[in-house]
Amino acid sequence: MAKARIATVWLDGCSGCHMSFLDLDERLLAVAEQAELVYSPLVDFKTFPDEVDVTLVEGAVASEEDLHKIKKIRAHTKTLIAFGDCAVTANVPSMRNLVGKKAVLQHAYFELATLDPQIPTLVVPPLLDRVRPVHDVVKVDVFLPGCPPSADTIFAALVELLAGRMPDVPALTRFGK
Amino acid sequence: MTPEELTLAAEKEENGSRAFEHIVGVCTSTACLASHSDKIKKEFDAQVKAKGLTKSVRVKAVGCCGLCAEGPMVYVESQADAEKAAETRTYAHVSNEAVPALVDSLGAAPVADLACDTAQPFFTRQHKIVLEHSGVVDPERLEDSIQVGGYQALLNALTTMNPADVVDTIMRSGLRGRGGGGFPTGLKWSTVAKAVGDRKYVICNGDEGDPGAFMDRSVMESDPHRVLEGMAIAGYAVGATEGFVYVRAEYPLAVKRLKLAIKQAERAGLLGANIGGTHFSFKIDVRLGAGAFVCGEETALIASIEGRRGSPRPRPPYPAASGLWGFPTLINNVETFANIAPIVKNGAEWYAALGSGKSQGTKVFALTGKVKNTGLIEVPMGITLREIVYDIGGGPFDGHTIKAVQTGGPSGGCIPEAYLDRPVEYETLVQLGSIMGSGGLIAMDDTSCMVDVARYFMEFCMTESCGKCIPCRVGTVEMHALLTKICEGQATMTDLEQLEELCDVVRSTSLCGLGQTAPSPVISTLRYFREEYLAHIEHKTCPAGVCSGLKSGAVKAKEVVA
Amino acid sequence: MSPTMTEATVVTLKIDDREISARSDQTVLEVAWENDVFVPALCHYEGLGDVGACRLCLVEIKGSPKLTPACAIKVVQDMEVITLSERLQKYRRSIIELLFAERNHICSVCVSNGHCELQWLAQKLGVDHIRYPYLYPKVSVDASHERFALDHNRCILCARCVRACDEVEGAHVWDLLGRGVDTRLISDLGTPWGESETCTTCGKCVHICPTGALFEKGKSVAEMVHARPRFAAMARVRNNSGR
Ligand SMILES: Cc1cc2nc3c(=O)[nH]c(=O)nc-3n(C[C@H](O)[C@H](O)[C@H](O)COP(=O)(O)O)c2cc1C
Ligand code: SF4
Ligand code: SF4
Ligand code: SF4
Ligand code: FES
């Protein structure tokens with residue numbers, strides 16, 4: 819049987835979910851027996867492949883770039899997993915929604931600036947008006963809340979998915995866990 | 007006053023009126039007052055005095071006659087004399103400047119350009135019981151009410167019927183609550199009558215929060231004694247000795263007139279201790295609400311009278327068992343109480359013979375929207391919606407067509423043109439996805455966008471939700487956001503699905519009637535005008551051309567997705 | 301209340317097809333919980349008056365077309381109650397989702413993370429994401445009290461604190477202000493909690509709060525564990541009734 823192609827991506831999050839993924843430790847080998855990591859910030863592939871079976875998305879959708887990426891990812895992924903609270907609820911990144919984009923930029927680039935205060939237009943992608951959970955933008959197939967979801971949770975969910983079954987998420991994790 | 011004294015007082019007042027050749031009635035209810043009818047009344051007084059007619063002409067302030075949009079309204083009642091039969095003339099759009107001419111016309115030809123044709127269906131298709139004396143009596147004079155038979159039913163009941171007879175009469179009359187729900191009034195009375203309690207209360211619900219509704223206001227302003235009499239009869243029937251009229255503070259004129267009426271009736275021995283010389287005592291007080299829609303809900307209203315935050319509580323227990331301060335409480339709507347005296351006076355059979363199906367008597371509606379005649383109307387139950395809209399309302403404005411009729415306000419629904427031949431009955435309106443409601447009736451034509459209408463009512467519910475229970479508090483906000491998204495052409499079919507799902511959640515799980523019926527305008531417009539929603543969502547088109555930013559006009563047939 | 305005053309009779313009823321006996325002065329919720337039948341609830345708290353506000357405890361009662369809050373209805377002989385159905389679960393999930401959408405629940409940085417009834421119910425009812433758009437209201441934190449704080453971002457307006465303070469402590473510090481989604485919990489007619497003249501600093505409200513809205517100062521993320529005072533037992537002791 820061909821190995822499943824899995825990917826992980828990192829939008830507006832703290833990378834904690836990816837760290838938790840690495841905490842799978844020796845269980846990564848078990849996963850590797852069944853699946854191949856075809857795209858990830860942990861490995862060095864430049865473009866998102868055309869066909870992916872399972873993509874774990876960490877982070878909320880906060881910038882134009884995130885939006886562009888997630889749409890592309892969705893188009894090329896069979897099973898898309900909102901991976902961790904930032905992807906599921908927009909979590910901490912969404913706290914800027916209370917004050918708005920302008921106030922945040924103002925604070926970061928003017929009030930806190932020591933010299934040459936201005937909002938960058940190059941390299942840094944423009945922010946969306948609102949930080950949004952992934953499912954607010956594209957269809958999500960599995961929600962894996964947790965901040966971050968534990969390695970056990972990730973492993974259990976992956977085992978189920980690779981076996982073609984839906985994981986029993988509430989039995990594994992919850993918001994904030 | 008004993009019954010005999012009351013009869014004498016009525017006769018005396020009648021004879022007094024007959025001494026005048028002409029009686030000029032100037033409407034001084036809110037709508038006409040807004041066009042300064044109080045000044046017109048003063049001008050009449052001045053003119054009559056100046057022309058030395060004070061012996062033959064009586065000028066009085068009266069309540070609302072219904073055709074508010076044509077105000078200020080004035081009527082002139084002339085006695086028969088050797089040459090002419092008795093006659094009543096009605097004038098519309100009267101101004102201060104017109105008063106001299108009107109005074110000069112007394113006994114002569116009418117002032118043609120102000121004359122209001124009372125032979126038009128707006129007047130002839132109505133049937134007045136509740137509003138029988140509105141626009142006829144001076145709401146600030148007890149004697150006026152007495153002249154037309156006021157308090158006779160009360161004294162009659164006190165002296166010739168026992169409480170159970172009264173309950174039985176109301177039961178057999180088929181009267182149902184006019185506050186919206188249509189609960190059988192007699193059944194409610196008998197429940198309170200049977201309830202055990204050291205004390206019992208009667209509450210008249212005059213909160214009237216539906217946007218655009220002014221039926222109860224008009225009754226309280228134009229004929230307050232009618233309401234008080236109904237409450238006192240109810241007090242006798244259920245065994246209560248104290249009553250409250252709960253009126254929203256935004257109705258200062260109603261409050262003033264009710265308070266005055268209570269004082270007058272007490273002084274005349276028609277309210278207060280030992281009414282009419284009998285053993286029955288009944289005291290009425292006015293309580294003001296701060297104008298929250300939810301305070302019209304009976305348990306919230308009771309909390310408000312008790313001085314607590316006006317939010318509903320789960321029922322049971324119903325107020326009939328445990329109401330004001332925990333005592334059995336009868337709570338009825340203003341219009342319900344206004345029906346009581348005529349029923350007691352004319353008998354249950356007389357009332358039961360009016361109307362159709364399980365809906366007896368008449369219903370007062372505030373007719374508004376896209377029709378030629380708007381105002382306050384009273385129609386027999388069973389009349390068709392078409393008769394109301396086309397005959398009484400005069401139909402749509404030229405070049406337009408009626409699309410739907412909205413009844414029941416934010417708790418009701420939109421009934422499309424195709425069903426206008428259905429009768430106005432509680433059950434029929436529910437079948438059509440709306441409710442009788444308390445009497446708001448809005449005609450809509452081709453320039454009305456049904457999504458926008460649904461959004462308007464949702465906005466109302468969202469801001470009027472008391473905030474106690476979650477589905478109503480948050481659900482209405484989410485539904486309003488979705489409806490706004492549709493109106494702005496930003497919505498997808500997923501949003502529509504979510505809207506429908508929320509309708510079900512909020513309707514099924516909210517605590518009180520406000521939340522339970524908040525989705526109704528959405529549900530009914532989706533039922534009959536789904537294609538308008540789809541036009542907004544899939545074609546970014548508002549067929550009525552109301553929603554700015556969208557294309558207007560019809561979606562071509564082939565574009566419509568089934 | 302003396303024992304003779306509670307002239308309750310014993311009734312039998314069915315909950316989810318199970319024959320159960322109960323006292324006629326008990327609510328359906330009490331009886332269900334006593335018999336280990338799970339019915340979710342947030343605004344109910346044993347020993348406080350019920351208000352029927354959260355709507356999570358809605359159950360089906362045979363013969364009644366409407367859903368009924370189990371906390372606000374007394375059991376009667378031969379009643380047939382259904383506490384679990386697809387429809388009920390769907391509504392319960394929707395209500396939880398609406399609560400999460402209403403204020404700003406960032407569990408990962410919340411003092412009550414891991415000790416929160418809302419969070420626990422979400423998991424128990426299988427709510428793993430919120431379908432409704434978040435409202436992100438801009439609300440404040442009142443940290444003016446010397447020992448406690450109120451974070452409106454986490455308040456679900458269950459009014460447990462209001463009732464605990466009023467019915468048990470007798471201080472009535474808390475009440476609700478405003479309407480609809482703008483409703484806010486206030487202390488002493490809207491003055492900061494720290495300036496309250498009625499607050500006795502008893503902490504009952506803090507320990508009865510189902511979420512992270514009321515907490516002890518100095519507690520960091522996930523450190524606020526509620527003591528869950530036993531008001532019903534307190535009331536029994538206070539009234540010397542042996543129920
Ligand atoms: C949100 C809400 C608002 C209401 N507003 C009114 C009102 O303004 N006037 C009224 O008479 N009844 C109103 N009602 C109905 C009352 O709760 C109550 O049923 C009614 O006053 C009973 O009188 P009736 O039997 O004579 O209709 C309202 C109900 C709800 C749920
Ligand atoms: S349905 Fe709305 S108005 Fe009624 S109790 Fe609930 S929040 Fe208050
Ligand atoms: S109150 Fe509960 S649900 Fe809200 S953020 Fe805190 S832990 Fe999460
Ligand atoms: S502070 Fe806590 S107990 Fe009080 S209403 Fe809010 S959530 Fe409920
Ligand atoms: S526990 Fe019954 S409604 Fe909240």
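So the protein sequences, as listed, match chains A, B and C.
Residues 819 to 995, numbered by our numbering, are exactly what the first sequence covers, in order.
Residues 7 to 568, numbered by our numbering, are exactly what the second sequence covers, in order.
Residues 301 to 543, numbered by our numbering, are exactly what the third sequence covers, in order.
Note that beta-carbon positions come from the ideal geometry of N, C-alpha and C, so glycine has one too.
Source: prediction; values computed, not measured.
Asked                                                                                                                            : Found
Secondary structure of residue 450 of chain B, DSSP reduced to three states                                                      : strand
Short Cβ contact (7 Å threshold) for residue 322 of chain C with residue 331 of chain C                                          : yes
Whole-Å CB distance - residue 963 of chain A paired with residue 983 of chain A, under 8 Å assumed                               : So it is not a contact: roughly 19 Å between Cβ atoms.
First and last residue of the uninterrupted beta strand (DSSP E) at residue 947 of chain A                                       : 945 to 950
Shell residues, 5 Å Cβ cut-off relative to heavy atoms of ligand 3                                                               : C:405, C:407, C:410, C:412, C:413, C:416, C:418, C:419, C:454, C:511, C:512
beta-carbon residue 474 of chain B near ligand 2 non-hydrogen atom, thresh 6 Å                                                   : yes
Within the segment 353 to 430 of chain C, ranges of the alpha helix (DSSP H) (whole runs, at least 4 residues)                   : 386 to 402, 417 to 424
Alpha helix (DSSP H) runs wholly inside the segment 845 to 888 of chain A, at least 4 long, in chain order                       : 845 to 852
Short CB-CB distance (under 7 Å) between residue 993 of chain A and chain C                                                      : yes
Start-to-end residues for the beta strand (DSSP E) that takes in residue 451 of chain C                                          : 448 to 451
Where the alpha helix (DSSP H) through residue 474 of chain C begins and ends                                                    : Careful: residue 474 of chain C lies outside any alpha helix (DSSP H), inside the beta strand (DSSP E) at 474 to 477.
Residues that DSSP places opposite residue 310 of chain B in a beta bridge                                                       : Note: residue 310 of chain B sits in no beta bridge, so no partner.
For residue 481 of chain C: DSSP bridge partner residues                                                                         : The partner list for residue 481 of chain C (beta bridge, DSSP) is empty, contrary to what the question assumes.
Heavy atom of ligand 1 within 6 Å of residue 463 of chain B beta-carbon                                                          : no
Assigned exposure category for residue 437 of chain B - 16 Cβ within 10 Å defines buried                                         : exposed
CB contact check: residue 836 of chain A to chain C, cutoff 7 Å                                                                  : no
Contact under 7 Å by Cβ, residue 403 of chain B with residue 237 of chain B                                                      : no
Reference residue 123 of chain B, options B:94, B:148, B:290, B:524, closest by Cα                                               : B:94
Residue 958 of chain A versus residue 477 of chain B - alpha carbon distance                                                     : 25 Å
Identity of the residues DSSP links to residue 85 of chain B by a beta bridge                                                    : Answer is none; residue 85 of chain B lacks a bridge partner.
Beta carbon proximity, residue 824 of chain A to chain C, threshold 7 Å                                                          : no
Closer than 7 Å at the beta carbon, the chain C residues around residue 477 of chain B                                           : 355, 395, 398
Ordered list of alpha helix (DSSP H) runs contained in the segment 168 to 250 of chain B, each at least 4 residues               : 169 to 179, 191 to 200, 221 to 228, 230 to 244
Below-7 Å beta-carbon distance, residue 413 of chain C vs any chain A residue                                                    : yes
Outcome for residue 331 of chain B when other beta-carbon atoms lying within 10 angstroms are tallied against a minimum of 16    : exposed
Contacts of residue 468 of chain B in chain C (Cβ-Cβ under 7 Å)                                                                  : 480
Alpha-carbon to alpha-carbon, residue 334 of chain B and residue 204 of chain B                                                  : 9 Å
Residue 334 of chain B: first and last residue of the uninterrupted alpha helix (DSSP H) it sits in                              : First-last for residue 334 of chain B: undefined, no H or E at that position.
Contact set between the segment 899 to 918 of chain A and chain C, restricted to residues whose Cβ is under 8 Å from the partner : 900, 903, 906, 907, 908, 909, 910, 912, 913, 915, 916, 917
Range of the contiguous alpha helix (DSSP H) that encloses residue 834 of chain A                                                : 834 to 840
Proximal chain C residues relative to residue 987 of chain A, where beta-carbon distance stays under 7 Å                         : 428
Any non-hydrogen atom of ligand 4 closer than 6 Å to residue 461 of chain C Cβ                                                   : yes
Inter-residue Cα distance where the pair is residue 300 of chain C and residue 531 of chain C                                    : The first residue shown for chain C is 301 and the last is 543, placing residue 300 of chain C beyond what the model contains.
Closer than 6 Å: residue 336 of chain B CB and nearest ligand 4 heavy atom                                                       : no
For residue 53 of chain B, the first and last residue of its enclosing alpha helix (DSSP H)                                      : 43 to 56
Under 7 Å (Cβ pairs) to chain C, residues found in the segment 962 to 981 of chain A                                             : 963, 965
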